[in-house]
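A.B. asks: From first to last, the protein sequence lines stand for chains Z and C.
Just so we're aligned: the first sequence equals residues 3 to 113 in this note's numbering.
Just so we're aligned: the second sequence equals residues 1210 to 1325 in this note's numbering.
Just so it is clear, CB atoms sit at the ideal spot from N, CA and C, and this is done for glycine as well.
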Amino acid sequence: TQLLEQSPQFLSIQEGENLTVYCNSSSVFSSLQWYRQEPGEGPVLLVTVVTGGEVKKLKRLTFQFGDARKDSSLHITAAQPGDTGLYLCAGASGGSYIPTFGRGTSLIVHP
Amino acid sequence: AAGVIQSPRHLIKEKRETATLKCYPIPRHDTVYWYQQGPGQDPQFLISFYEKMQSDKGSIPDRFSAQQFSDYHSELNMSSLELGDSALYFCASSLVPPSGKYNEQFFGPGTRLTVL
């Protein structure tokens, strides 16, 4: 059983569209990270959220942490082909520094 | 800014052979983590070291071992390789934060291991 459920698993959209990716769990996380990974490369850290209800913006990317710190979302506005990649959420809980990863959302943005 | 360095980037081995993967963390980072990522899978935590001591252990097979050296670089030693060991192996590093603060891991580019 995956501790962190990500949805959708796959997303294929046209350039300029908006999209939202979800990361859900029944566990409470002390912090949650979002990463973007390109094929054959390591995950690149995008953001860390720690406070319930927190919203962080990174250019066209908006990250939200749920009030109960059990879920998070990533919204991309006006997607571009350069946004293509695997988006992974990872959460740490119970005082552990070892995060649990979701299975990821594979995003393809067509020009 | 300096990132995590891993070597080699690609490695091809035969079944039952051994392999050694190396990881050089971001300067001043004191913790190293090893992950295995199979095709279409999320990264699975193997093992971590803090200040050269093993700090956490995940799903690392008994055939694998790892250590962190005095210069903080780490090596993952894999013996009796099996076909199922073919995967991307990532190293991540972090600086353990003060109590109550969150931890951020920065990943290297990975080593792609292929076992034939």
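1) In angstroms with no decimal places, state the Cα-to-Cα distance between residue 41 (chain Z) and residue 1244 (chain C).
2) Between the C-alpha atoms of residue 25 (chain Z) and residue 63 (chain Z), what's the straight-line distance to the nearest angstrom?
3) Using a Cβ-Cβ distance under 8 angstroms, would residue 1260 (chain C) count as near chain Z?
4) Compare the C-beta of residue 1234 (chain C) with all C-beta atoms of chain Z and state if any pair is closer than 8 angstroms.
5) Would you identify the three-state DSSP class for residue 1285 (chain C), choosing helix, strand or coil?
6) Can the beta-carbon of residue 1247 (chain C) be found closer than 8 angstroms to that of residue 1296 (chain C)?
7) If distances are taken between C-alpha atoms only, which option among C:1316, C:1302, C:1231 comes closest to residue 1217 (chain C)?
8) Quick check: the stretch 81-88 of chain Z against the stretch 1274-1285 of chain C, are at least 3 beta-carbon pairs closer than 8 angstroms?
9) Does the beta-carbon distance from residue 1322 (chain C) to residue 1224 (chain C) come in below 8 angstroms?
10) Which one or two residues does DSSP pair with residue 50 (chain Z) in a beta bridge?
11) Buried or exposed for residue 30 (chain Z), going by 16 or more other Cβ atoms inside 10 Å?
12) In the DSSP output, which residue or residues are listed as bridge partners for residue 28 (chain Z)?
13) Under 8 angstroms by Cβ, that's how I've got residue 28 (chain Z) and residue 72 (chain Z) pegged, so tell me the actual separation to the nearest angstrom.
C.D. replies: According to the structure data:
1) 16 angstroms
2) 15 angstroms
3) no
4) no
5) strand
6) yes
7) For residue 1217 (chain C), the nearest C-alpha among the options comes from C:1231.
8) no
9) No; because the gap between Cβ atoms is not below 8 angstroms, this pair is not in contact.
10) Z:35
11) exposed
12) Beta-bridge pairing links residue 28 (chain Z) to no other residue.
13) The Cβ separation is near 7 angstroms, so the contact holds.
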